[in-house]
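Numbering of the sequence shown is given in my numbering, commencing with residue 802 and proceeding in unit increments.
Notes to accompany the following structure.
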Amino acid sequence: MASLTLDALDLSALLCSRVCHDLISPVGAINNGLEVLEDDNDPSMREFALDLIRKSARTASARVQFARIAFGASGSAGAAIDLADAEKLTRNMFAEEKPDIAWSAPVALFPKNKVKLLLNLVVISNTAIPRGGLIDVKVTGDGDAPEIVIVAKGSHARIPPHAEELIAGTPEAGSVDSHGILAYYAGLVARAAAMTVTFSIEGDAVTIRAVPTEAAVEPAPANAPTSEDDRPSDSEPSDTALA
């Protein structure tokens, strides 16, 4: 299947659409709370409105900060990002969501694109457990050759539809919309970071693994046949027979 390449305008438009989608709900809730404060003098309703505004403002702020790193430039080219900051952003992002977050990673600065990939894969893992559950994030190795393993465990877990094809850049429909842009973008980041992403599922657990592309391809043994033409035929005499 041919790879899909979006032009810069389409890619930026779809990413902006994704960010706006994530912000519509909390920003709308803040507006609703302000309207209650303006129109209702009932103390209990005003307290409810203030609580709604506080909660929604925290959610909106967390999503903006997360998107700034996951989708944005976040500094100059080649910048490094602290994994501790990535953990904080992730926990804040999902503070009001269904999944619990477990996080195990070295205290280190990692290359920007590898951290962007990590954050995008965490969001994708959340879609693998629509009824909530646990997202277990493990990062091992160093910034040059890390291994990222994210296990999303919960009821009715499944590999997100079309995620594998979108990350590979070969969507089945030959196009991508605002629903699939996150996985497509994660694939772009993975290739820029020289990482390969794979999915697997066992029971109620979906595992997303990202490893350096070189490590994902195991070289064949030096003396292994490379094609059927290289294999000895039954009709060919062996060295022993010729001896």
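All C-beta atoms in this analysis are idealised placements derived from N, C-alpha and C, irrespective of residue type, glycine included.
Across the structure, Gly955 and Asn921 are spaced so that their CA atoms are roughly 19 Å apart. Annotation note: the stretch 805-852 contains the following uninterrupted alpha helix (DSSP H) runs of length 4 or greater, listed N- to C-terminal: 809-840. Around the beta carbon of Ile936, 16 or more other beta carbons sit within 10 angstroms, so the residue counts as buried.
Contact check for Ile882 against Leu910 passes: the beta carbons are separated by less than 8 Å. Per DSSP, Met894 has no beta bridge partner at all.
Shown here, Lys939 sits in a strand according to DSSP, grouped into three states. Remark: C-beta atoms of Ala896 and Ser857 do not approach each other more closely than 8 Å. In the same chain as Glu948, and ignoring 5 residues on each side of it, the C-beta atoms closer than 7 Å to its own belong to Thr941, Gly942 and Val1012, in chain order.
The shortest C-alpha to C-alpha distance from Arg869 to any of Ala974, Cys817 and Ala850 is the one to Cys817. Taking 3 residues as the minimum length, the beta strand (DSSP E) runs contained wholly in the stretch 944-993 are 948-954, in order along the chain. Taking the C-beta atoms as reference points, Met894 is found no nearer than 8 Å to Arg859.
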